[in-house]
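Visitor: Throughout, this note's numbering is defined as the position within the sequence shown, counted from one, plus 1061. For glycine and all other residues, C-beta sits at the position ideal for the given N, C-alpha and C.
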Amino acid sequence: DHQMTHAYANMGNALFELKLYGEAISAYQQALQLDPSLDITRSHIKVAKEIDAKLYTFNAYQLWRSGSNSFNQGNVTDAIKEWEAAVKDSPRYAQAYKSLGWVYLNTENYGKAIEAYQIALEIQPNPQAEQHFNFARELKAEKYSFHSFQLWNMGRQLIAADKLDQAIKLLEQSIQESPNFPEAYNTLAWIYADKLSSNLDEAERLARKATLIKPEAAFICDTLSWVLYKQERYVEAAETAEKAIELDPNQAEYFYHASLAYLKNRQKEEALDNLKKAVTLENRFGQIAQQEVAFANLHATPEFQQILKNRK
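#1: Does the beta-carbon distance from Val1296 to Asn1326 come in below 8 Å?
#2: Check whether the Cβ atoms of Ser1376 and Ala1228 lie closer than 8 Å to each other.
#3: Determine the extent of the alpha helix (DSSP H) in which Pro1188 is found, giving its start and end residues.
#4: If we count the other Cβ atoms within 10 Å of its Cβ and call it buried at 16 or more, is Asp1262 buried or exposed?
#5: Using three-state DSSP, classify Phe1207 as helix, strand or coil.
#6: Nearest to Ala1298 by alpha carbon, out of Lys1304, Tyr1290 and Lys1270?
#7: Can you grab the Cα-Cα spacing for the pair Glu1176 / Arg1103, in whole Å?
#8: With DSSP collapsed to three states, give me the class of Thr1118.
#9: Flag this pair as yes or no: are the beta carbons of Ile1184 and Ala1155 separated by less than 8 Å?
#10: Does DSSP classify Thr1102 as helix, strand or coil?
#11: Quick check on Gln1227: does DSSP put it in helix, strand or coil?
#12: Would you call the CB atoms of Asn1247 and Ala1268 closer than 8 Å?
#13: Would you mind working out which of Ala1221, Tyr1171, Ala1140 and Leu1285 sits nearest Lys1304, comparing C-alpha positions?
#14: What three-state label does DSSP hand Asp1096 in the structure shown?
#15: On a CA-only basis, which of Ala1157, Leu1093 and Gln1094 is nearest Thr1118? Give me that one, please.
#16: Hey, could you find the ends of the alpha helix (DSSP H) Lys1080 is sitting in?
#17: Could you tell me the alpha carbon to alpha carbon distance between Val1141 and Ala1339, rounded to whole angstroms?
#18: Is Ala1332 closer than 8 Å to His1318 when the C-beta atoms are compared?
#19: Note down, in chain order, each residue of its chain lying with its Cβ closer than 7 Å to the Cβ of Leu1166, except the 5 sequence neighbours on either side.
#20: So what's Gln1366 in DSSP terms, helix, strand or just coil?
#21: Looking only at its chain, what residues have a beta carbon closer than 7 Å to the beta carbon of Trp1163, apart from the 5 residues adjacent to it on each side?
#22: Just to confirm the assignment: which complete alpha helix (DSSP H) runs, minimum length 4, are found wholly within the region 1230 to 1280?
#23: Can you tell me the Cβ-Cβ gap for Gly1347 and Leu1369, rounded? I've got them flagged as a contact below 8 Å.
#24: Would you mind working out which of Ser1239, Gln1091, Met1215 and Ala1355 sits nearest Leu1200, comparing C-alpha positions?
#25: Just to confirm the assignment, what range does the alpha helix (DSSP H) spanning Tyr1317 have?
#26: According to the neighbour-count rule (16 or more other Cβ atoms, all chains shown, within 10 Å of its Cβ), is Asp1283 buried or exposed?
#27: In terms of residue numbering, what span does the alpha helix (DSSP H) encompassing Thr1301 cover?
#28: So what does DSSP say about Tyr1154, is it helix, strand or coil?
#29: Using only CA atoms, which one of Arg1266, Val1137 and Glu1330 lies nearest to Thr1362?
#30: Assuming Leu1124 contacts Ala1109 under a Cβ cut-off of 8 Å, what Cβ separation, rounded to an integer in Å, is found between them?
#31: May I ask which residues mark the beginning and end of the alpha helix (DSSP H) holding Glu1176?
#32: Buried or exposed: which applies to Glu1143, given that a residue is buried once 16 or more other Cβ atoms fall within 10 Å of its Cβ?
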């Protein structure tokens, strides 16, 4: 099975390089069916579809990829040159503008970062680009220090590398240096609630502090709801998840968190309704729910099976 998956993915890559996008997409989809966890294949499908739909050219994509390699090797000047060339070639290439925004943000060139993110968001609204756009505006307005922002960003990279103790230290430092930087509170609360399931009173304090600074941020509301869920305060968790959904109705994870809270609250109908919405937005939540102990009693029910069938 693993070999077949690999073979389909490789075939997709070869067809893609030959600019046979339809065939490449079919091969990638075969690979994904065998192994739905292949995020890289999912992103290849997205690129093939976008080039096929003429959102940008193959050449612009090559320039973007080359710029990403330069950036990962620490060569910022070349990265900027290649990404600028990509958007000159394809002025509707959202990802290239997002990359430019990120590199300008990290070199403290906030004006240019704001410009790049504005264009990216006009082409393709996206919560991450919006968050980064806000960073650029807030840093330009000196709401918190660039160093705090860097500490937060390094903290996030450490979480991804599973070095949680080091991440916690950096995030605490970030908060100490800039007490008005909501993301640092939010990420630290998330580590306690999601990664460690410990220190939950502190997690709640942090998440509430973040919502005070930025009440309109859906992702912070979602963190608070997850903290409340871990504290077994299911009624409040469901209410808070609903508030996150109200602020941003396009995030599968918020619906999934709501469904878990309703489930623990013995509101089966609301739980299934929210799960269905989560799966419709992102079908990986079907798999997640299948492995979730809380849903075990529902796994065999026709309603649950129907939700899994609806996966795209």
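Guide: The short version:
#1: yes
#2: In the structure displayed, the chain extends from 1062 to 1373; residue 1376 sits before or after that span and is not available.
#3: Pro1188 to Lys1201
#4: With fewer than 16 other Cβ atoms from the protein chains shown falling within 10 Å of its own Cβ, Asp1262 counts as exposed.
#5: If DSSP states are grouped into helix, strand and coil, Phe1207 belongs with the helices.
#6: When the alpha-carbon of Ala1298 is set against those of Lys1304, Tyr1290 and Lys1270, the nearest one is in Tyr1290.
#7: 29 Å
#8: Under the three-state reduction of DSSP, Thr1118 is assigned to coil, being neither helix nor strand.
#9: yes
#10: helix
#11: Helix.
#12: Yes, the Cβ-Cβ distance between Asn1247 and Ala1268 is below 8 Å.
#13: Leu1285
#14: coil
#15: Ala1157
#16: Where Lys1080 is concerned, there is no enclosing alpha helix (DSSP H), given that its DSSP letter is neither H nor E.
#17: The sequence as given places Ile at residue 1141; Val does not occur at that position. Approximately 37 Å between the Cα atoms of the pair.
#18: no
#19: Ala1174, His1193, Phe1196 and Ala1197
#20: helix
#21: His1193
#22: 1243 to 1251 and 1261 to 1274
#23: 5 Å
#24: Ser1239
#25: Ala1313 to Lys1325
#26: buried
#27: Thr1301 -> alpha helix (DSSP H) spans Tyr1295 to Leu1308.
#28: coil
#29: That would be Glu1330, whose Cα lies nearest to the Cα of Thr1362.
#30: In fact, because the Cβ distance is near 17 Å, the residues do not count as touching under 8 Å.
#31: Tyr1171 to Ile1184
#32: buried
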